[in-house]
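Enquirer: Chains as they are written, first to last, in our numbering: chain A, 1 to 407; chain B, 408 to 814.
Virtual Cβ for every residue (Gly too), placed ideally from N, Cα, C.
Predicted model, so just to flag it, every value in this text is computed and none were measured.
1. Which whole runs of the alpha helix (DSSP H) in the segment 704 to 788 of chain B are 4 residues long or more, in chain order?
2. Which class does residue 429 of chain B belong to by DSSP, given the choice of helix, strand or coil?
3. For chain B, find out if any of its Cβ atoms is closer than 7 Å to the Cβ of residue 280 of chain A; answer yes or no.
4. Could you tell me the alpha carbon to alpha carbon distance between residue 8 of chain A and residue 81 of chain A, rounded to whole angstroms?
5. Taking only the alpha-carbon atoms, compute the straight-line gap between residue 629 of chain B and residue 134 of chain A and give it to the nearest angstrom.
6. How would you label residue 759 of chain B, buried or exposed, when you count the other beta carbons within 10 angstroms and need 16 or more for buried?
7. Label residue 813 of chain B either buried or exposed according to how many other C-beta atoms from any shown protein chain fall within 10 Å of its C-beta, with 16 as the threshold for buried.
8. Checking 7 Å against the spacing of the C-beta atoms, do residue 34 of chain A and residue 1 of chain A come in under that value?
9. Can a CB atom of chain B be found closer than 7 Å to the CB of residue 380 of chain A?
10. For residue 110 of chain A, which residues from the same chain have a beta carbon less than 7 Å from its beta carbon, with the 5 sequence-adjacent residues on both sides left out?
11. Going by DSSP, which residues form a beta bridge with residue 498 of chain B?
12. Using CA coordinates, which residue listed in A:204, A:179, A:217 and A:205 is at the minimum distance from residue 190 of chain A?
13. Alpha carbon to alpha carbon, how far is residue 749 of chain B from residue 733 of chain B? Give it in angstroms, no decimals.
14. Using C-beta distances below 8 Å, list every residue in its chain close to residue 206 of chain A, excluding the 5 sequence neighbours before and after it, in chain order.
15. Listing by chain order, which chain A residues have their CB less than 8 Å from the CB of residue 471 of chain B?
16. Given that residue 302 of chain A touches chain B, what residues does it touch there, using C-beta distances under 9 Å?
17. Below 8 Å on C-beta distance, what does residue 584 of chain B contact in chain A?
18. From the DSSP output, which residues share a beta bridge with residue 289 of chain A?
19. Specify the secondary structure class of residue 183 of chain A as computed by DSSP and reduced to three states.
20. Does the beta carbon of residue 704 of chain B come closer than 7 Å to any beta carbon on chain A?
21. Considering Cα atoms alone, identify which of B:810, B:710 and B:740 is closest to residue 727 of chain B.
22. Whose CA, out of A:131, A:124 and A:130, lies closest to the CA of residue 147 of chain A?
23. Give the secondary structure of residue 654 of chain B by DSSP, where H, G and I count as helix, E and B as strand, and everything else as coil.
24. In chain B, which residues lie less than 7 Å from residue 30 of chain A when you measure between Cβ atoms?
25. Could you please tell me which residues of the segment 754 to 769 of chain B, in chain order, have their CB closer than 8 Å to any CB of chain A?
26. Anything in the segment 75 to 106 of chain A with a Cβ closer than 7 Å to a Cβ of chain D? List those residues in chain order, please.
27. Report yes or no: is there a C-beta of chain B within less than 7 Å of the C-beta of residue 56 of chain A?
28. Output yes or no for whether 7 Å exceeds the beta carbon distance between residue 215 of chain A and residue 393 of chain A.
29. Can you list the residues of chain B that residue 112 of chain A reaches, using a CB-CB cut of under 8 Å?
30. Is it buried or exposed for residue 714 of chain B, if we count other Cβ within 10 angstroms and need 16 for buried?
31. Using a Cβ-Cβ cut-off of 6 Å (strictly less than) and excluding sequence neighbours within five positions of residue 716 of chain B, which residues of its own chain qualify?
32. Determine the chain B residues that contact residue 224 of chain A at a beta-carbon separation under 7 Å, and present them in chain order.
33. Quick check: the Cα distance between residue 571 of chain B and residue 539 of chain B, rounded to an integer number of angstroms?
34. Would you report the Cα separation of residue 344 of chain A and residue 365 of chain A, rounded to the nearest angstrom?
35. Could you tell me which of B:456, B:788, B:766 and B:737 sits nearest to residue 779 of chain B, measuring between CA atoms?
36. Classify residue 655 of chain B: buried if its beta carbon has 16 or more other beta carbons within 10 angstroms, exposed otherwise.
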């Protein structure tokens with residue numbers, strides 16, 4: 001059992017769109033132990049599509065293809081693939097009626113473009129589309145099965161989840177497993193060195209991978225020796241100690257929400273340079289409303305004074321980006337919101353606003369819990385958006401570490 | 408001149424990481440008029456890498472390869488590719504000294520893993536890495552040039568920007584151009600029908616593509632008939648009128664910040680279900696501090712009352728997700744922050760909290776400007792995070808439309 005993914009779409013090759021479909025499908029296929037051997041992206045163009053179909057790996061048993069089934073004129077895939085597998089498009093009245101009903105239910109009438117979608121191959125099994133009007137298709141060639149789906153993620157995901165994955169679950173013959181360790185705050189090479197020092201034989205037994213981002217460094221362990229993977233997973237996690245925030249891929253925000261909920265603690269945020277991003281991460285977690293009631297975005301000095309009672313003299317003396325100011329922001333937010341914990345961030349996200357003394361990337365974070373203040377300074381410039389993301393994740397990690405120490 | 412991109416990395420095939428490198432490189436290559444004919448992702452494994460090198464399209468003149476050059480043991484690419492092109496790895500003292508200096512400058516000492524990186528091919532031109540320790544490599548085969556770079560986006564981008572793109576700029580023989588129109592609020596099929604009705608011949612002259620997301624629908628026009636592309640770009644933009652927010656790919660947040668800055672208007676945000684996301688979008692724009700001073704995240708009813716003076720009786724009568732409550736939130740935020748404009752959002756992001764009357768996905772948005780209130784209701788469920796994103800973009804679009812009408 002081997003999977004291969006082909007995504008058809010000029011927008012992917014032009015760099016306009018990230019290939020989130022390949023990533024989503026790969027993760028789901030991995031979940032049913034079906035390894036993905038290759039991703040290929042080709043343009044929505046007859047010769048390229050046929051070349052890609054001819055070039056499918058012999059070892060691939062299940063080929064997943066997305067793109068080119070939409071209602072607009074830039075989509076040619078359906079006709080090309082149907083012809084490739086020796087069929088032709090025929091008008092299907094029942095499908096036309098479905099499209100008509102889909103639009104009427106939403107109070108709209110189908111356009112001529114939408115009506116085109118009633119033409120379907122006479123040599124494929126159709127996959128219903130519960131979220132749109134373009135059907136998916138299943139073709140067979142020898143032992144290979146081809147699944148053709150729309151490129152709209154929302155529609156493709158429904159077809160995979162409702163129809164394809166349930167059919168494929170349990171048929172894989174693979175026995176390798178994978179575990180992960182999510183860390184924050186220790187550089188990749190340092191983690192690799194610690195592991196190599198304590199477990200010099202590890203890479204003979206299992207496969208280790210390191211994946212750094214602004215959300216931390218993820219370590220992945222996998223291999224066919226299931227027991228070894230499980231044992232090293234536990235041993236390496238123990239070795240790395242406080243740097244580990246999850247063993248299952250949860251986000252830092254999830255950990256913070258979870259810790260607060262379990263201990264019945266409330267939290268508020270006072271954000272200057274992160275501009276609402278910490279609160280956004282927290283409210284991405286379903287159930288955050290139990291521990292997060294309100295937050296402050298205090299972008300100007302006046303807002304820091306007006307909403308959080310930070311003294312204007314203090315800001316003038318130390319600057320808006322300083323230990324003293326973030327500490328006062330955290331105190332002010334805690335008092336105003338009446339929470340157990342308050343976290344405050346002020347920094348220079350860039351590209352403008354840096355000075356020799358406080359260059360772009362300088363960020364101060366303060367946290368108050370049990371009447372004790374903790375602070376941290378960041379100083380590396382990663383570009384405006386990454387500066388915000390790294391600062392927001394660092395703030396969440398700081399909450400996690402303080403709660404971990406104060407059980 | 409034709410480009411092709413190969414990304415090596417188990418993490419991409421496992422669905423752990425989005426292939427942002429392929430997307431970034433494709434956009435840059437498009438910028439120098441070098442079209443990308445294919446993306447391929449293969450595992451960090453000898454046979455797969457060699458198969459991918461053998462399968463490079465004959466028509467590809469420039470092949471860009473990323474991944475597998477990092478400091479940890481999961482990276483085998485360098486040795487495999489060097490051998491493939493008939494060379495071998497040799498120890499280079501000058502590179503060792505550079506790595507040593509790179510670490511000392513940062514107050515760290517290089518690890519044994521880092522030292523491995525002083526081994527380099529004897530048959531390649533090396534590309535310096537200004538942001539890390541793994542060098543890039545350039546190999547030649549007939550008329551084909553192969554560029555091998557690290558998979559870390561930050562490092563790859565520096566090599567492309569500083570070395571490779573300047574060399575390639577201006578050598579392309581392609582003459583097609585591309586323009587875009589960014590819209591919000593009109594469905595894809597409706598836009599396609601309007602264009603087809605007014606310009607039935609358009610697709611004979613140029614290539615049209617439609618790319619929908621929660622940030623709106625982007626229309627792309629391209630072709631070798633440069634004049635036709637430019638003319639249709641202007642004509643279609645005029646036809647779509649108020650639905651168009653940019654002709655150059657700027658975000659809705661950029662447009663709002665820009666409009667406010669030009670008219671010297673200030674803005675504040677009162678966010679319940681979007682949880683800080685609108686403010687985050689706004690503060691992603693450099694220079695937002697001129698028009699955005701403070702924002703409120705009011706997740707609970709108490710916060711709506713305490714920070715924005717929304718009457719508890721009003722919330723009790725109409726519910727937190729209602730026209731009446733978001734209007735009161737907008738009024739309260741405008742009064743408290745003293746801004747020209749205030750936007751307020753309250754909704755049910757899900758997955759829990761929906762009712763028959765107010766299902767998940769129900770979102771109310773209110774905007775106050777020149778003492779006049781405007782409201783809008785959303786009702787489609789796209790899943791928690793997409794609900795937040797679509798609501799935040801809808802709020803920004805509403806600000807844009809109101810400012811457009813009130814010149």
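Expert: In terms of the structure at hand:
1. With a minimum length of 4 residues, the continuous alpha helix (DSSP H) runs that stay inside the segment 704 to 788 of chain B are 708 to 715, 719 to 725 and 730 to 744.
2. Three-state DSSP puts residue 429 of chain B in a helix.
3. For residue 280 of chain A, the nearest CB of chain B lies under 7 Å from its own CB, placing it at the interface with that chain.
4. A straight-line Cα-Cα distance of about 12 Å links residue 8 of chain A and residue 81 of chain A.
5. Distance between the alpha carbons of residue 629 of chain B and residue 134 of chain A is about 25 Å.
6. Classification of residue 759 of chain B: exposed, given that the 10 Å Cβ count is below 16.
7. Under the 10 Å beta carbon count, residue 813 of chain B is surrounded by fewer than 16 other beta carbons and is classified as exposed.
8. Yes. Within cutoff.
9. Residue 380 of chain A has a beta carbon lying at 7 Å or more from every beta carbon in chain B.
10. The beta carbon of residue 110 of chain A is closer than 7 Å to those of 99, 100 and 103 in its chain, skipping five residues each way along the sequence.
11. DSSP, once it has assigned bridges, lists B:526 as partnering residue 498 of chain B.
12. Measuring from the Cα of residue 190 of chain A, the nearest candidate turns out to be A:217.
13. If you take the alpha carbons of residue 733 of chain B and residue 749 of chain B, they lie about 11 Å apart.
14. Hits under 8 Å: 221, 222, 223, 225, 228, 229 and 232.
15. Taking a Cβ-Cβ threshold of 8 Å, none of the residues of chain A is close to residue 471 of chain B; the smallest such distance is about 12 Å.
16. 700 and 701, listed in chain order.
17. Simply none; closest approach about 12 Å.
18. Its beta-bridge partners do not exist; DSSP assigns none.
19. Of the three classes helix, strand and coil, the one that applies to residue 183 of chain A here is strand, per DSSP.
20. By this cut-off, residue 704 of chain B is an interface position.
21. Cα-wise, what sits closest to residue 727 of chain B is B:710.
22. Nearest to residue 147 of chain A by alpha-carbon distance, out of A:131, A:124 and A:130, is A:124.
23. Three-state result, residue 654 of chain B: coil.
24. Neighbours of residue 30 of chain A on chain B, chain order: 421 and 422.
25. Within the segment 754 to 769 of chain B, those residues whose Cβ lies closer than 8 Å to any Cβ of chain A are, in chain order, 756, 757, 758 and 759.
26. Protein chains in the displayed structure are A and B, and chain D is not among them.
27. Closer than 7 Å: no.
28. A Cβ-Cβ contact shorter than 7 Å links residue 215 of chain A with residue 393 of chain A.
29. For residue 112 of chain A, the chain B residues whose C-beta falls within less than 8 Å of its own C-beta are 600 and 603, listed in chain order.
30. Residue 714 of chain B comes out buried.
31. Result list for residue 716 of chain B: 739, in chain order.
32. Those within 7 Å of residue 224 of chain A in chain B number zero; the least Cβ separation is about 15 Å.
33. Going by the C-alpha atoms only, they are around 17 Å apart.
34. Approximately 6 Å between the Cα atoms of the pair.
35. Looking only at B:456, B:788, B:766 and B:737, the smallest Cα-Cα distance to residue 779 of chain B is reached by B:737.
36. Exposed, since its Cβ has fewer than 16 Cβ neighbours within 10 Å.
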